[in-house]
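A quick write-up on the structure given underneath.
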Amino acid sequence: MEGLAKLVTSVVKESRIILRDRQALILFFIMPVLFVLILSLALRDAFGDRPGVTFPVLVVDQDGGEVGQAVVSAFAASGHFRVERAGRPAPDQAQLEQAILEDRYKFVVIVPADATTQAKRRVEELAANAPPEMLSAAPVELRLLADPTLRVDYRIMVRAALAGTLQGMEMRLYGRQLEQNLKALGLPAELPHDPNGASIFAGIRDVQLHSGEKYIIPSSVQQNAPAWTLLAMFFLTVPLSVSFIKEREQGSLFRLQTMSVPAWVVLGGKTLPYFIINQIQMASILLVSVYVLPLLGGDRLDIGNAPLALALLGAAASLAAIGFGIAVALFARTAEQATSFSSAVTMIMAALGGILVPLAVMPPVMQHFAMLSPLAWGLNGFLDVFVRGGGLTDVMPEALGLLAFSAACHALAIMRYRSRL
Amino acid sequence: MNAPICPETTTPSPPAVPAFEVEDLCKTYKGGRAPALDHVTLTIPKGMIFGMLGPNGAGKTTLLSILCGLLRPSSGQVRVDGKDVQQEAACIKRVLGVVPQEPAIYPTLTARENLAYFGRMQGLSGDHLAERIRACLETADLADVADEQVCHFSGGFKRRLNLVIGLIHEPKLLILDEPTVAIDPHSRYFIHQRLRELHAAGVTMILSTHILDEAEKLCQDIAIINQGKIVAQGRLEDLLRSQRGNCIEVRLERDPPASLADTLRQLPGILDVLVMGRDIRLTTPVPDEAVAPLVATLSASGVGILSLSFGTASLEQFFLTRTADREAS
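Same order as they appear, the protein sequences are chains B and P. To convert, note that position 147 of the first sequence is 148 in the working numbering; the numbers rise steadily by one, no gaps. To convert, note that position 22 of the second sequence is 27 in the working numbering; the numbers rise steadily by one, no gaps.
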C-alpha cells in the first residue's frame with residue numbers, strides 16, 4: 002500500500018510539472034492534430050486507390066460523333082473522373098495547357114474533328130483490302146494532355162483506359178462493316194447490336210481481399226491519423242527522457258535513491274502521466290479526423306467497429322513508446338544525447354515502419370524490413386481496424402508485439418537503474 | 006510492497022554503536038586504473054559533525070555514495086547505525102538523511118510541494134507530514150515563500166530548501182555534500198547555524214566540504230582523503246597540534262629550480278617537502294636541527310630567502326601538506 006501511495010504521489014508530482022510547461026503542452030497536443038489535418042488534406046490525391054478521389058477531366062470533342070461519345074462514356078463510367086465537355090468554339094492548345102497549369106483539369110483529351118467519319122472510312126477501306134498506298138483515311142489520333150505534377154502511374158492508367166475504349170470502338174466498327182459486306186453478298190448477317198446483352202466477357206470482377214492481403218493502400222486520412230498518432234506517441238520519448246535526465250542532473254533522482262523508493266515507483270511515476278498524454282493525443286487525433294477534417298473538405302475517418310481494439314492498440318503503442326523513452330533516458334549520459342538519439346531513432350523507425358511512406362507502396366524487400374519497426378506493428382494494427390474491418394483478435398499480434406517491446410525496454414531500464422546502485 | 010521491518014524505529018541502537026563504521030573498504034570502478042577507495046577504515050561516533058576533506062577526485066563522493074547505499078563496495082565492511090549497508094539498506098535509509106551537493110529539488114514545484122513530495126517518498130503522511138512541512142519551512146525560514154515556484158528562488162534559498170528536504174523525516178544521521186558551496190556569506194552563516202542546532206539535538210553529520218574554514222568552525226573530527234586513502238584522521242585540534250612546530254615555511258626571492266624539492270628531501274631530518282611557487286613547506290620532527298642545512302642548501306642554490314618561519318596551525322596548511330602527493334603528481 003505504501004508503494005502504491007508513493008506511486009500516486011509521483012504521478013501527481015509529474016503531472017504538475019508537465020501541466021506547468023505550457024510550451025510542451027502545445028507541442029504534445031496541438032502539433033500532432035495540425036499535422037494530421039494538414040497532411041490528410043494535402044495528400045488526399047496521393048493515396049489514389051479509393052472511392053471518392055475524382056480527377057477533373059476535360060474532353061474536347063471536336064468530332065461530335067461516336068468516338069467522342071465513347072471517350073466521355075468511358076471516363077464517366079469509371080467513377081474516378083469528373084468529366085466535362087469543352088464548349089464551342091473549342092479552346093486551342095495554349096488555352097488547354099493553361100487550364101491544366103491552373104489546376105482546373107488533371108487531364109484533357111482531344112478528340113479531333115471528323116474522328117468518327119475518318120475511322121469509319123478507314124474501316125471500309127481496310128475491309129476492302131485496299132493496299133496501304135491507296136488508303137485515303139489516316140489512323141485517328143487522340144491527344145492526351147496531363148498535369149505534369151501528377152504521378153506517372155495515373156497517366157499510364159488513363160492512357161490504358163483510353164486505349165481500351167478505342168479498341169472497343171474499333172471492334173464495333175469492324176463488326177458493322179462485316180455485317181454490311183455480308184449483306185451485300187446476300188448472306189444473312191445479324192450481329193448482336195446490344196453490347197450489354199451479347200458480351201463475350203463478363204468484365205472484370207474486382208475481388209477485394211481482407212484478411213489475406215497484408216497491405217492495402219489506405220486513404221490519406223486512414224494512413225495519416227494512425228501514423229501521426231504513433232509518431233506523436235514516440236516523439237513524446239524526447240521530453241520524457243529529457244525530464245528523466247534533468248531529474249538525474251538536478252539530483253532529485255539521486256535523492257530518491259537515498260530513500261526507500263522502489264524503482265517501479267520512480268519509473269511508474271514517470272510513465273503514467275505520459276501514458277495519459279498519449280491516450281489524449283490519440284483521442285484528439287481520432288476525433289479531429291472524424292469530425293473536423295470533413296468540415297475542411299477532407300475525408301471523414303471511418304474508425305471501424307472495434308473501439309476495444311483501438312483502445313488496446315493505443316495503450317500498447319503508448320507503453321512501447323514510454324518504455325523506449327525510459328530506456329533511452331537511463332542509457333544516455335546527457336539530455337542532448339537523449340534528445341538527438343531518441344528523435345533520430347524515432348524518425349528511422351517511422352520511415353522504416355510506413356509512417357512517412359505507406360507500407361503498401363514500399364517494395365516487398367522494404368515491407369519485410371518494415372516489420373523491424375514497432376511503429377509498423379502499431380500502424381498495421383490501426384489499418385486492421387480502419388481499412389480491413391478487423392476487431393480485437395485481428396490486432397492482437399500487433400498489440401502483443403508492442404507490449405513485448407515495452408516489457409523488454411522497461412526490463413532494460415530497471416536493470417540499468419539498479420546497476421547504478 | 007511492505008515497509009521493511011526495522012527494529013531501530015522502536016528500539017534505538019545504543020549510543021556506543023558508532024554512527025558509521027568503515028572497515029578495509031575498497032572500491033574500484035569498471036575500467037578504472039587506480040582504486041577509487043583503497044583500504045579505507047573509518048569510525049564515526051554518534052553525535053558529532055565529522056568533516057570529510059579531500060581534493061577533487063580523492064574518493065569522497067565514492068565513499069559517501071557507499072555510505073548512502075548507492076554504490077556497492079568492491080570489498081570491505083560498511084555499517085551504518087550498526088547495520089550492514091548492503092543487507093539492511095532499507096532500514097538505514099529510514100534513519101539517514103542526505104543533502105546532495107546540487108539542490109536536488111523540482112524547480113517548477115513550490116517549496117511546499119517539494120517538501121510534501123519528498124516527505125511522502127519518505128513514508129510520511131497526514132498530520133505528521135503537514136507538521137514536518139511546517140517545521141522544515143520554519144527551520145529554513147522559507148514560510149513566506151512556501152508557495153512560490155522554486156525556480157524563482159535565489160541560490161541561498163534553494164540551498165536552504167535542499168537542506169530541509171534532507172531533514173523532512175527527522176533523520177538521526179545526516180550526510181551533507183558541500184551544503185554551502187557557491188552561496189553568499191549570510192546564507193552560509195544561516196546554514197551553519199542550522200547545522201549547529203542539529204548537532205545540539207544529537208544528529209550525527211558527515212560534512213563533505215572544500216571550505217576548510219567551514220570544517221574548522223563546525224567539525225569536531227575530520228578525515229582527509231587523498232587518492233582513495235585516508236591520509237589523516239582524528240580530532241581536529243589534535244591534528245593541528247601535532248603539526249604545530251613540525252614544520253618550516255620558507256618564502257624565496259625567486260622561483261626555485263625543479264630539482265630543489267628532491268635536493269631538500271635528502272637533507273637530514275626532513276620528512277616531506279612541498280613546493281608551491283616561491284613557497285616551500287618542509288615537514289620535520291626536528292626543525293631546530295634542520296634549519297641550518299636548509300639555509301645553506303638554499304643559499305647554494307642561489308634562490309635567496311625572503312622569509313622563514315616555524316610552525317603550522319591552520320587546517321588549510323595541514324590539508325595542503327597532507328594532499329601534497331597529488332599536487333606534486
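Built from N, CA and C at the ideal position, the CB exists for glycine as well. Predicted model only: the values in this text are computed from it and were never measured.
Inset, instruction - Give me the Cα-Cα distance between T10(B) and V266(B), rounded to the nearest whole angstrom. - result: Straight-line Cα distance between these residues: approximately 9 Å.
Inset, instruction - Mind listing the chain B neighbours of R99(P)? Cutoff is C-beta to C-beta under 8 Å, in chain order. - result: Proximity of chain B to R99(P) at the Cβ level (cut-off 8 Å) is accounted for by S261, in chain order.
Legend entry - 7 Å Cβ cutoff, L413(B) in contact with chain P: For L413(B), no Cβ of chain P is located within less than 7 Å of the residue's own Cβ.
Legend entry - Reference G102(P), options E221(P), I211(P), G307(P), D149(P), closest by Cα: Among E221(P), I211(P), G307(P), D149(P), the Cα nearest to that of G102(P) is on I211(P).
Inset, instruction - Check the Cβ-Cβ distances between I57(P) and every residue of chain B, and say whether any is below 7 Å. - result: Checking the displayed sequence, the identity of residue 57(P) turns out to be Met instead of Ile. Output row for M57(P): interface = no.
Inset, instruction - In angstroms with no decimal places, state the Cα-to-Cα distance between A21(P) and I49(P). - result: Cα to Cα, A21(P) sits roughly 11 Å from I49(P).
Inset, instruction - Could you please give the first and the last residue of the uninterrupted beta strand (DSSP E) stretch that includes H44(P)? - result: From DSSP, the beta strand (DSSP E) with H44(P) extends over 42-49.
Legend entry - Integer Cβ distance of F453(B) from L376(B), believed to fall under 8 Å: The question about residue 453(B) has no answer here: the residues shown for chain B are numbered 2 through 422.
Legend entry - Element boundaries [beta strand (DSSP E), containing N231(P)]: First-last of the beta strand (DSSP E) with N231(P): 226-231.
Legend entry - chain B contact for R125(P) (CB, 7 Å cutoff): Closer than 7 Å: yes.
Inset, instruction - For the alpha helix (DSSP H) containing V68(B), list its first residue and its last residue. - result: Note, V68(B): alpha helix (DSSP H), 67-79.
Legend entry - For P52(B), the three-state DSSP class (helix, strand or coil): Model confidence at P52(B) stands at a pLDDT of 49, short of 50, so the residue's coordinates are unreliable and nothing is read from them.
Legend entry - Where V90(P) meets chain B, residues with beta-carbon distance less than 7 Å: The contacting residues do not exist; V90(P) stays about 11 Å from chain B at best.
Legend entry - Own chain partners of G4(B) with C-beta closer than 7 Å, once the 5 adjacent residues on each side are dropped: If we look at G4(B) and ignore the five residues flanking it on each side, its Cβ neighbours are P263, V266.
Legend entry - Neighbour flag for G269(B) against chain P, beta carbons, 7 Å: No, because no Cβ of chain P sits closer than 7 Å to the Cβ of G269(B).
Legend entry - Backbone CA spacing between A361(B) and S374(B) [nearest angstrom]: The alpha-carbon of A361(B) is positioned some 15 Å away from that of S374(B).
Legend entry - Spatial distance of K234(P) from C96(P) (CA atoms): Approximately 28 Å, taken between the alpha carbons.
Inset, instruction - Kindly indicate which three-state DSSP category V236(P) falls into: helix, strand or coil? - result: Three-state DSSP puts V236(P) in a strand.
Inset, instruction - Just the C-alpha distance for E15(B) and M350(B), rounded to the nearest angstrom, thanks. - result: Going from the Cα of E15(B) to the Cα of M350(B) covers about 28 Å.
Legend entry - N-terminal and C-terminal residue of the beta strand (DSSP E) that I201(B) is part of: In the DSSP assignment, I201(B) falls outside any beta strand (DSSP E), carrying neither H nor E.
Legend entry - Stretch-stretch touch, CB-based, cutoff 8 Å, three pairs: the stretch 153-170 of chain P with the stretch 77-85 of chain P: Contact fails between the stretch 153-170 of chain P and the stretch 77-85 of chain P, because fewer than three Cβ pairs, one in each stretch, are under 8 Å apart.
Inset, instruction - Following the continuous beta strand (DSSP E) through V84(B), name the residue where it begins and the one where it ends. - result: Unbroken beta strand (DSSP E) run through V84(B): 82-86.
Legend entry - Backbone secondary structure at R283(P) - three-state DSSP: If DSSP states are grouped into helix, strand and coil, R283(P) belongs with coil.
Inset, instruction - State the CB to CB distance for the pair V366(B) and L311(B), rounded to an integer number of angstroms; the pair is presumed to be in contact (CB under 8 Å). - result: About 30 Å separates the Cβ atoms of V366(B) and L311(B), ruling out a contact at the 8 Å cut-off.
Inset, instruction - Classify A145(P) as helix, strand or coil using the three-state DSSP reduction. - result: In the structure shown, A145(P) adopts coil according to DSSP, grouped into three states.
Inset, instruction - Would you check if the stretch 280-291 of chain B and the stretch 220-234 of chain B touch, i.e. whether three or more CB-CB distances between them fall below 8 Å? - result: Taking a cut-off of 8 Å for Cβ pairs, the stretch 220-234 of chain B and the stretch 280-291 of chain B touch, as three or more such pairs fall below it.
Legend entry - Short CB-CB distance (under 7 Å) between I18(B) and chain P: The beta-carbon of I18(B) is placed less than 7 Å from the nearest beta-carbon of chain P.
Legend entry - Straight-line gap, C410(B) to L8(B) (C-alpha atoms, nearest Å): Distance from the CA of C410(B) to the CA of L8(B), rounded to the nearest whole angstrom, comes to 20 Å.
Legend entry - Proximal residues, the stretch 18-52 of chain P versus chain B, C-beta separation under 7 Å: For chain B, none of the residues of the stretch 18-52 of chain P brings a beta carbon within less than 7 Å of one of its beta carbons.
Legend entry - Spatial distance of A131(B) from Y175(B) (CA atoms): Rounded to whole angstroms, the gap between the alpha carbons of A131(B) and Y175(B) is 15 Å.
Inset, instruction - Check whether the Cβ atoms of V109(B) and V72(B) lie closer than 7 Å to each other. - result: The Cβ-Cβ distance between V109(B) and V72(B) does not fall below 7 Å.
Inset, instruction - Give a yes or no on whether the minimum CB-CB distance between T347(B) and chain P is below 7 Å. - result: No, its Cβ sits nowhere closer than 7 Å to a Cβ of chain P.
Legend entry - Integer-rounded CB distance, given that L241(P) should sit under 8 Å from I196(P): The pair is not a contact, with the Cβ atoms about 19 Å apart (cut-off 8 Å).
Legend entry - Beta-carbon neighbours of I211(P), restricted to chain B and to distances below 9 Å: Going along chain B, no residue has its Cβ under 9 Å from I211(P), so there is no contact; the nearest lies around 13 Å.
Inset, instruction - Could you say if the stretch 137-147 of chain P and the stretch 105-119 of chain P meet the contact criterion of at least three C-beta pairs nearer than 8 Å? - result: For the pair of segments examined, the stretch 137-147 of chain P was found to touch the stretch 105-119 of chain P: the number of CB pairs separated by less than 8 Å reaches three.
Inset, instruction - Taking 8 Å as the threshold, find out whether the stretch 135-152 of chain B comes into contact with the stretch 83-92 of chain B through three or more Cβ pairs. - result: Touching, no, given that fewer than three Cβ pairs across the two stretches are closer than 8 Å.
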